[in-house]
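The numbers in my numbering rise by one with no breaks, and the one at position 80 of the sequence shown is 80.
All residues carry an ideal CB built from backbone N, CA and C; glycine is no exception.
Contents: one structure, followed by commentary.
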Amino acid sequence: MLSSEAKREALDPDKRLPIYLLQKTRHLAGTSVDKRRTLSEAGPQRRAPVVVFQELSLLVKWGTAMRISEGQCLCAIGQLLKDYVPVLELYTWRQDGGETFLYMKYLDS
Numbered sequence: 001m002l003s004s005e006a007k008r009e010a011l012d013p014d015k016r017l018p019i020y021l022l023q024k025t026r027h028l029a030g031t032s033v034d035k036r037r038t039l040s041e042a043g044p045q046r047r048a049p050v051v052v053f054q055e056l057s058l059l060v061k062w063g064t065a066m067r068i069s070e071g072q073c074l075c076a077i078g079q080l081l082k083d084y085v086p087v088l089e090l091y092t093w094r095q096d097g098g099e100t101f102l103y104m105k106y107l108d109s
């Protein structure tokens with residue numbers, strides 16, 4: 001398991017490839033999480049497949065249809081119903097070029 005500092009560094013936009021390039025690489029390598037979809041090489045996607053970085057215990061949901069309010073709802077549900085409903089921990093969110101990225105804790109199950 002990586003330290004909090006290593007996770008923050010992995011989320012640093014200056015030290016990472018754009019998520020869609022990482023997803024394209026994983027798709028072409030056959031390691032994409034969502035095997036049902038094909039990856040668009042056109043760039044931004046409305047609702048792209050999630051990207052999982054197992055070594056960081058990190059899951060990234062992203063796309064132009066993604067809204068920050070989804071992340072805010074996850075936080076609220078996690079705080080209010082944590083004893084009743086399992087909810088992924090939300091680390092942060094970002095917006096870049098019309099796309100929203102939600103960074104969450106990945107639970108391998």
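Option in the options with minimal Cα separation from residue i
| i | options | result |
| --- | --- | --- |
| residue 75 | 102, 107 and 108 | 102 |
| residue 68 | 91, 81 and 108 | 91 |
| residue 48 | 105, 59, 58 and 63 | 63 |
| residue 105 | 99, 87 and 97 | 87 |
Assigned exposure category for residue i - 16 Cβ within 10 Å defines buried
| i | result |
| --- | --- |
| residue 55 | exposed |
| residue 95 | exposed |
| residue 61 | buried |
| residue 52 | buried |
| residue 71 | buried |
| residue 89 | exposed |
Extent of the continuous beta strand (DSSP E) run through residue i
| i | result |
| --- | --- |
| residue 99 | 99-105 |
| residue 91 | 90-96 |
Rounded distance between the beta-carbons of residue j and residue i, thought under 8 Å
| i | j | result |
| --- | --- | --- |
| residue 50 | residue 58 | That belief does not hold up - the Cβ atoms of residue 50 and residue 58 are roughly 10 Å apart, past 8 Å. |
Any chance you could list the alpha helix (DSSP H) runs of at least 4 consecutive residues sitting entirely within the segment 47-81, in chain order? Fully enclosed alpha helix (DSSP H) runs of 4 or longer: 68-80.
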